[in-house]
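Student:
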Amino acid sequence: VDLSADFRIRDLDVWARWYGMPHTSPEWAEKAVYGLPEVAREQVREARLVANPGCYPTAVQLGFLPLLENDLVDTSRLIADAKSGASGGGRQG
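21 is the number of the first residue of the sequence shown in the numbering used here; add one for each residue after it.
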């Protein structure tokens, strides 16, 4: 289980745009499974590399999941507005 963000984005072009450099392990990026068991339980079970999602993606995905599964929202207008306290970014000074 990889706790970094290194394997959460499978599209290497998107990854390079966000991080401003090429991925250092493209062969593993293509094999990684996004580790949200509520969405991909079987893939996580069989994976050799699990990209553990962070707290914001987990909260947003699990919050939206029932709405999406039941076709209750217009996905073209879906927005997640999330906030964090001092612990999320670390306390400065």
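Positions of the beta carbon are idealized from the N, C-alpha and C atoms, including for glycine.
#1: Can you tell which of 84, 103 and 49 has the C-alpha that lies nearest to the C-alpha of residue 97?
#2: Distance check for residue 90 and residue 38, CA to CA, integer angstroms please.
#3: Would residue 72 and residue 21 be called neighbours here (beta carbons separated by less than 8 Å)?
#4: In terms of alpha-carbon separation, which member of 102, 53, 40 and 47 lies closest to residue 23?
#5: Please list, in chain order, all residues of the same chain as residue 55 whose beta carbon is under 7 Å from its beta carbon, the five residues on each side excluded.
Tutor: Let me spell this out:
#1: 84
#2: 31 Å
#3: yes
#4: 53
#5: 21, 64, 70, 71, 72 and 73
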